[in-house]
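In mature numbering (1 follows the signal peptide of the UniProt record, and there is no 0), the protein residues as written are -18 to -1, 1 to 416.
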């Protein structure tokens, strides 16, 4: 049987929600307030929303050869200008998902076929409805955001195996997203597990179940991302448990607007190195996933005003600034970047940290392992375009103020629900167009 691959991303506590004001507290054990710094500021405490708290997993057999690459090291001159020096990279295996296509999971496809396209047709947009059917064919990550969804891995893996046996060359992309108090319990996206209610043990069981599913499909490869005390411990457990021969893992690394600042880059690299080494330096860890469920450009010629003067204003600059620092910590410096909602640049964000249902966005670069940078393994679509970031209903229990900002599309349903107007926006503004 031809090799099948599974790509999974676990998004846990990210730093993209609930910003604190400048100089305000931004997290910590038992902290109940805002849980992230404003762009350009730096939290001197590694808080409960530590970067690296999500996992991207790819499952596939490989016969990769060893390769050597050269990375760039950015330094500041006395005048504040940035100079770039070349630095030899550690020897790493070749991209394990190179040449593969990404599996278009039936769940997202059904949302488009049964919800999006009929709604567009009913609204008199026949042309957009036709384009929507093409979006349904794009390989997008499936989110394992509750334990009940874990058995779906086997269902999708069998389908991937069958398609590959018929001549396809697919990977199955998944998102591992059920850390206790994920997103620091941000209202819009908080999950089912709480540390106070046996959440750590339940999460370990969740990871064990995922591992069992993966082991049942040894010809399918997974990719994962995870990282604050309980988060660190559980992240280590996850990457140790998923350290299987048919697994490739990427830890979630936010985006340039969060960790791309000079004050954040080195601490971030140190944190990833600590987690990696504490877990025994798992061979299956390939690198980091960036821009997950966000809007930042992969590459942009002029830094937008909302990037507040940070020269590391796009994901390409970000990964190249972070890579040599990671290698200095003994952490493998390879990346995947979510481009699913990055088609319109600059965005209409009023602030770089605005994350909820941002207006004016469009589908971006299609998923592909053909990239323009040797340290980028693939462009991916982690966030399924059209699934809501959070409700704009101010009376809702899960209402988050970010979803009521001027740059958030409204009215918006609950997080994870189908948001037809947002899908139509993404499709209309897609770049490249469908």
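Just so you know, even glycine gets a beta-carbon here, dropped at the ideal spot from N, CA and C. Please read these numbers as outputs of a predicted model, since none were measured by experiment.
- In this chain, residue 405 is not harboured by any beta strand (DSSP E); it is covered by the alpha helix (DSSP H) spanning 402 to 410.
- Residue burial annotation: residue 388 is exposed, with fewer than 16 other C-beta atoms found within 10 angstroms of its C-beta.
- Residue pairing for residue 369: DSSP places it in a beta bridge opposite 400.
- In this structure, residue 193 and residue 223 form a Cβ contact; the two beta carbons are roughly 5 Å apart against a cut-off of 8 Å.
- Taking 9 Å as the cut-off, the Cβ atoms of residue 325 and residue 414 count as close.
- Residue 289 is classed as buried because its beta carbon has at least 16 other beta carbons within 10 Å across all chains shown.
- Using a Cβ-Cβ distance cut-off of 8 Å, the region 354 to 361 and the region 309 to 319 are in contact, since at least three pairs of beta carbons, one from each stretch, lie closer than that value.
- Looking at the DSSP output, residue 269 bridges to 232.
- Around the beta-carbon of residue 179, fewer than 16 other beta-carbon atoms lie within 10 Å, marking it exposed.
- For residue 309, the closest C-alpha among the options 278, 384, 408, 248 is that of 248.
- Here DSSP, grouped into helix, strand and coil, assigns residue 318 to strand.
- The way I'd put it, the region 100 to 111 doesn't touch the region 132 to 150; fewer than three beta-carbon pairs between them come closer than 8 Å.
- Three or more Cβ pairs closer than 8 Å define a contact, and the region 345 to 352 falls short of that threshold against the region 288 to 303.
- Between residue 306 and residue 295, the gap from beta carbon to beta carbon reaches 9 Å or more.
- A straight-line Cα-Cα distance of about 16 Å links residue 196 and residue 264.
- Residue 124 sits in a strand when the DSSP states are folded into three classes.
- Residue 376 and residue 391 have their C-alpha atoms roughly 14 Å apart.
- Annotation for residue 330: 340, 341, 342, 389 place their beta carbon closer than 7 Å to its own, counting only its chain and skipping 5 residues before and after.
- For the pair of segments examined, the region 401 to 411 was found not to touch the region 120 to 134: the number of CB pairs separated by less than 8 Å stays below three.
- When the Cα atoms are used, residue 361 and residue 351 turn out to be separated by approximately 6 Å.
- The criterion of a C-beta distance shorter than 9 Å is not satisfied by residue 409 and residue 158.
- When the five nearest sequence neighbours on each side are left out, the beta carbons in the same chain lying within less than 6 Å of the beta carbon of residue 101 are those of 402, in order along the chain.
- Residue nearest to residue 141 within the set 199, 395, 279, 373 is 199 (criterion: CA-CA distance).
- In this structure, residue 255 and residue 311 form a Cβ contact; the two beta carbons are roughly 3 Å apart against a cut-off of 8 Å.
- The C-beta of residue 92 has fewer than 16 other C-beta atoms within 10 Å across all chains shown, which makes the residue exposed.
- The beta carbon of residue 374 sits closer than 6 Å to those of 385, 386, 392, 393, 394, all from its chain and outside the five residues before and after it, given in chain order.
- Residue 337 places its beta carbon less than 9 Å from that of residue 371.
- Bridge pairing for residue 84: 153 [DSSP].
- Residue 379 sits in coil when the DSSP states are folded into three classes, being neither helix nor strand.
- Between residue 132 and residue 84 the beta-carbon gap is near 20 Å, outside 8 Å, which marks them as no contact.
- The beta carbon of residue 332 sits closer than 8 Å to the beta carbons of 288, 387, 388, 389 from its chain, once the five residues preceding and following it are set aside; these are given in chain order.
- Straight-line measurement puts the Cα of residue 366 at about 9 Å from the Cα of residue 121.
- Bridge partners of residue 360 according to DSSP: 318.
- Residue 190: member of the alpha helix (DSSP H) spanning 181 to 197, first to last residue.
- About 6 Å separates the CB atoms of residue 221 and residue 267; that is less than 8 Å, so the two are in contact.
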